[in-house]
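>
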Amino acid sequence: MGRAGGTRAARRSAARHGDHRLPDRNREERHAVTEPAITPETVVDALREVYDPCCADRGISIVDMGVVEDVRVTGARVEVDLVLTTGWCPFVASMSTAIPERLHQLDGIEHVDVRTVWEPVWTPERLSESARDKLALPLEQLIPYREQRLAQQKGA
Numbered sequence: 000m001g002r003a004g005g006t007r008a009a010r011r012s013a014a015r016h017g018d019h020r021l022p023d024r025n026r027e028e029r030h031a032v033t034e035p036a037i038t039p040e041t042v043v044d045a046l047r048e049v050y051d052p053c054c055a056d057r058g059i060s061i062v063d064m065g066v067v068e069d070v071r072v073t074g075a076r077v078e079v080d081l082v083l084t085t086g087w088c089p090f091v092a093s094m095s096t097a098i099p100e101r102l103h104q105l106d107g108i109e110h111v112d113v114r115t116v117w118e119p120v121w122t123p124e125r126l127s128e129s130a131r132d133k134l135a136l137p138l139e140q141l142i143p144y145r146e147q148r149l150a151q152q153k154g155a
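According to numbering that gives the first Met the number 0, the residues represented by the sequence shown are 0 to 155, in order.
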């Protein structure tokens with residue numbers, strides 16, 4: 000009997016505090032017009048329009064080239080890690096400028112950091128199928144280059 004009374008009391012209390020009201024339509028409309036959250040996938044899709052200067056003439060993006068190692072999104076801040084095809088890549092400055100320019104075109108991004116990371120080492124396996132086709136190098140022909148590059152890295 001005490002439980003039933005407590006349940007009725009809880010229902011009466013909820014009714015007195017407005018829990019019986021219809022949803023606030025204005026609140027729902029405000030939520031409907033908010034900007035979509037930026038995700039790493041959104042960022043990667045945008046980076047497909049940033050081209051590796053070495054291969055821009057072939058239409059190979061930095062994503063297809065395999066130089067985008069990681070993308071992190073925290074609110075309106077985006078961090079992009081790049082793995083260079085070579086340690087002496089002369090185009091890192093160009094890519095480090097082009098990436099924020101492209102990402103600032105997306106709604107909701109206020110700050111972009113681009114970092115160069117040295118691990119893992121870029122190898123031809125990072126090329127997308129599309130990039131391989133555009134470069135006309137089948138994977139089988141790229142494997143010796145990969146092995147040579149890894150051997151150089153171990154010896155350095």
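The beta carbon of each residue, even a glycine, is placed where N, CA and C say it ideally should be. Only a predicted model underlies this, so the values are computations on that prediction, with no experimental measurement involved.
Can you tell me where the alpha helix (DSSP H) holding residue 68 begins and where it ends?
Reading the sequence shown from its first residue, position 69 is the one you call residue 68. Counting along the chain, residue 68 falls outside any alpha helix (DSSP H), though it belongs to the beta strand (DSSP E) covering 67–73.
> Please classify residue 83 as buried or exposed, where buried requires at least 16 neighbouring CB atoms within 10 angstroms.
In the sequence shown, residue 83 corresponds to position 84, counting from 1. Flag for residue 83 reads buried.
> Note the first and the last residue of the continuous alpha helix (DSSP H) segment covering residue 128.
As a working note, residue 128 is residue 129 in the sequence shown. Looking at the DSSP string, the run of the alpha helix (DSSP H) that includes residue 128 is 128–134.
> Give the DSSP-derived three-state secondary structure of residue 101 in the structure shown.
Within the sequence shown, residue 101 is the residue found at index 102, counting from 1. Reduced to three states, the DSSP call for residue 101 is helix.
> Determine, using beta-carbon pairs with one atom in the stretch 99–112 and one in the stretch 51–63, whether at least three such pairs fall under 8 Å.
Output reads no: the stretch 51–63 does not touch the stretch 99–112.
> Identify whether residue 83 lies in helix, strand or coil by the three-state DSSP scheme.
Locating residue 83 in the sequence shown gives position 84, where the first residue counts as 1. If DSSP states are grouped into helix, strand and coil, residue 83 belongs with coil.
> Assuming residue 112 and residue 78 make a contact with CB atoms under 8 Å, what is their CB distance in whole Å?
One-based indexing of the sequence shown puts residue 112 at position 113. One-based indexing of the sequence shown puts residue 78 at position 79. About 5 Å separates the two Cβ atoms, so the contact holds.
> Of the residues 72, 54, 50, which one's Cα is nearest the Cα of residue 41?
By 1-based counting over the sequence shown, the position of residue 41 is 42. Ranking 72, 54, 50 by Cα distance to residue 41 puts 72 first.
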